[in-house]
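The structure is reproduced here in structure tokens:
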């Protein structure tokens, strides 16, 4: 539908603004451009005004310049995760073996494949709806998506072969879930949000298992919050990886990077466990 066929645009903006949509004008234009009929537009506006995430209404999200499918009930990729992608892309090379844990819609893997070039991509999520969505988004990149619990879902042949392992696991403390916007706490799966009592349950499990899967000089990149970054980095160092923190103020994004040392350095690395 062209904007010229939507004289109701101002009223749509007013409806969205009244529903609390901060970017009502931008959202109205997206809805108008996506709707095929006036009836479909009205339905889409109603669903958005009732609190459904815009990406679920549209059926897609923009991430790292890509338009990715986001099915209802699937975690919506956040702009802050683009920082993790940039960090990972700087460490990966064409042909690299890349694993994405807690992959959700598959956004990280899709963006990495687009940025780096051909990679051997393996993605995992425990949520069947996310797995179905990720398979659609990663089909053109040749990515393989597994349903299961973190490393247990991966083929054992990948042990020691992973060049870059990325993860944006749930890191919201259980007690803070109720403070999230309704879009997240009502319409996104709890399993994609709840990180346990301190928010780091899944983060610790990802970190603890990484060493067995990374190649020497392979990299683990974990998204977390700024307040949890130091504890996450300490866990990475205790796991025998050289840890460093990276942060982007504009996106309010924090990534902890761990690098697996070569075998000759491992004993010294575990003893020193530096964090920079």
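In the numbering used here, the protein residues as written are 21 to 296.
Backbone N, C-alpha and C define an ideal beta-carbon position, used for all residues, glycine too.
- For residue 25, which residues from the same chain have a beta carbon less than 7 Å from its beta carbon, with the 5 sequence-adjacent residues on both sides left out? Below a pLDDT of 50, predicted positions are generally treated as unreliable, and residue 25, at 49, falls in that range; no measurement from the model is reported.
Rounded C-alpha distance that separates residue 282 from residue 236
5 Å
Mind checking residue 267: buried by the 16 CB within 10 Å criterion, or exposed? Flag for residue 267 reads exposed.
Using 8 Å as the threshold, is the segment 182–201 in touch with the segment 74–92, meaning 3 or more CB pairs across them? As far as the Cβ criterion goes, the segment 182–201 does not touch the segment 74–92, which means the pair count is below three.
Which whole-angstrom value describes the C-beta separation of residue 140 and residue 118, a residue pair presumed to lie in contact below a C-beta threshold of 8 Å?
Contact between residue 140 and residue 118 holds, with the beta-carbon distance rounding to 7 Å and staying under 8 Å.
Legend entry - Inside the segment 63–114 only - beta strand (DSSP E) runs reaching at least 3 residues: 80–83 and 86–89
* **Chain-order list of residues whose beta-carbon lies under 8 Å from that of residue 101 (same chain, five-residue window excluded)** => Only residues of its own chain outside the window of five on either side were considered, and among them 83, 127, 128, 188, 243 and 273 have a CB closer than 8 Å to the CB of residue 101, listed in chain order.
Between the CA atoms of residue 254 and residue 225 - distance to the nearest angstrom: 14 Å
Exercise for the section: Taking only the alpha-carbon atoms, compute the straight-line gap between residue 135 and residue 152 and give it to the nearest angstrom. Expected result: 23 Å
- Item | Contacts around residue 120, its chain only, beta-carbon distance under 6 Å, and the 5 residues preceding and following it disregarded | 128, 129, 143 and 186
Practice task
Could you name the residues that DSSP lists as bridge partners for residue 143?
Solution key: 120 and 165
- prompt: What three-state label does DSSP hand residue 51 in the structure shown?
  reply: helix
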